[in-house]
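Those letters in the sequence shown? Residues 3 to 258, by this note's numbering.
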Amino acid sequence: MGIKPGLAVIIVGDDPASQVYVRNKERACEECGIYSEKYALDASTTQEELLSLIEELNNKKSISGILVQLPVPDHIDEEKIIEAINPRKDVDAFHPINVGKIMTGNYDFVPCTPAGVMELIKESGIDVCGKECVVVGRSNIVGKPQAMLLLHNNGTVTICHSKTKDLKEKTKKADILVAAVGIPNFITGDMIKEGAVVIDVGINRLENKKLCGDVEFESAEKVAGAITPVPGGVGPMTVAMLMKNTVRAAVINKSK
Ligand code: NAD
């Protein structure tokens, strides 16, 4: 069909975690044979300069997907940046149009991390239909879209957050538990139902520089029926789903 996917990744500033994420994305493009362009901008880049780069990429034929690595520096309005990306090139699926489509279930793109979680569940032969699903975390990037995807798969979904009372009582009921909190080892084995599927989205760097998830793996694995590790697990799936969204974007942009 002559479709050539191309991904533009923009990073502003020198946040070390963001640098690692962007490097992983570039590497994945190389491995998949997807053309990519990286724009590493100085932390002092103005909002106008960033918006004008996005506009240029919106119109660039060789680019089917645009990703701005978040967070951006404080002087840049994140919402304005997300809204400037052509929704058909919005491979992170953060644009309000794509967020709305996720609500209706009629979507082109799904945010990469929740999409990766769903793929892990599917590939492991786990049927979500009718299951008690508990998502801990309600961010726009992970928790909320994750809950919608589980709902679209006919799960009975509870969203927990920082103001939830009796969290353990909720997590204990979960057949499928997704942790996206950002607190190291927050979910412990005693909060998990015997045999539950436990998916750990968290990526937390400890003082000793080691990475750990939101789930205390040692105690959780004794109770869980299936559990994802950190590192590994959801992280690589996120990058894989970005590649999928980039290919999808190329198809969508070709046909419109
Ligand atoms: P966030 O900080 O935006 O959201 C955290 C959520 O946790 C909030 O909704 C908050 O209500 C909830 N929370 C905080 N304290 C709580 C408590 N005591 N009890 C219950 N809920 C509580 O974070 P995020 O962007 O959603 O990311 C969550 C984690 O996932 C982080 O560790 C992040 O690094 C990681 N992450 C991983 C990937 C990946 O590719 N694996 C992608 C995105 C984020």
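Think of the CB as a built atom: it goes at the ideal place given N, C-alpha and C, for glycine as much as any other residue.
### 8 Å Cβ cutoff met for residue 24 and residue 11
Counted from its first residue, the sequence shown places residue 24 at position 22. Counted from its first residue, the sequence shown places residue 11 at position 9. The answer is yes: Cβ separation under 8 Å.
### Query
Can you pull the DSSP bridge partners for residue 134?
Here the question's residue 134 lines up with position 132 in the sequence shown. Residue 134 pairs with 158.
### Query
Does the distance from the C-beta atom of residue 173 to that of residue 225 stay below 8 Å?
Taking the sequence shown and counting its residues from 1, one reaches residue 173 at position 171. Taking the sequence shown and counting its residues from 1, one reaches residue 225 at position 223. Going by C-beta atoms, residue 173 is not nearer than 8 Å to residue 225.
### Query
Since residue 52 is in the alpha helix (DSSP H), which residue starts that stretch and which ends it?
Taking the first residue of the sequence shown as 1, we reach residue 52 at position 50. Per DSSP, residue 52 belongs to the alpha helix (DSSP H) from 49-60.
### Message
Just to confirm my understanding: we take residue 130, look at its own chain, exclude 5 residues before and 5 after, and list those with CB closer than 7 Å. What are they?
### Response
Translated into the one-based positions of the sequence shown, residue 130 becomes position 128. Taken in chain order, the residues that qualify are 123, 152, 155, 156, 157 and 178.
### For residue 100: DSSP bridge partner residues
As a first step, residue 100 must be located in the sequence shown, where it is residue number 98. None; residue 100 has no bridge partner.
### Message
Please list the terminal residues of the continuous alpha helix (DSSP H) segment that includes residue 23.
### Response
Numbered from 1 along the sequence shown, position 21 holds the residue referred to as residue 23. Its alpha helix (DSSP H) spans residues 18-34.
### Query
Exposed or buried, residue 91, counting other C-beta atoms within 10 Å across all chains shown (16 or more means buried)?
As a first step, residue 91 must be located in the sequence shown, where it is residue number 89. The C-beta of residue 91 has 16 or more other C-beta atoms within 10 Å across all chains shown, which makes the residue buried.
### Message
According to DSSP, residue 202 sits in a beta bridge with which residue or residues?
### Response
For the purposes of this step, residue 202 is taken as residue 200 along the sequence shown, with counting starting at 1. Residue 202 pairs with 181.
### Query
Taking Cβ positions, are residue 59 and residue 65 nearer each other than 8 Å?
Numbered from 1 along the sequence shown, position 57 holds the residue referred to as residue 59. Numbered from 1 along the sequence shown, position 63 holds the residue referred to as residue 65. Cβ atoms of residue 59 and residue 65: closer than 8 Å.
### Task
Any chance you could list the residues with Cβ under 5 Å from a heavy atom of the ligand NAD, keeping chain order?
Residues with a Cβ closer than 5 Å to any heavy atom of the ligand NAD, in chain order: 115, 139, 140, 141, 143, 144, 163, 164, 182, 183, 184, 203, 204, 205, 236, 237 and 240.
### Query
Secondary structure at residue 40, three-state DSSP: helix, strand or coil?
By 1-based counting over the sequence shown, the position of residue 40 is 38. Correct three-state label for residue 40: strand.
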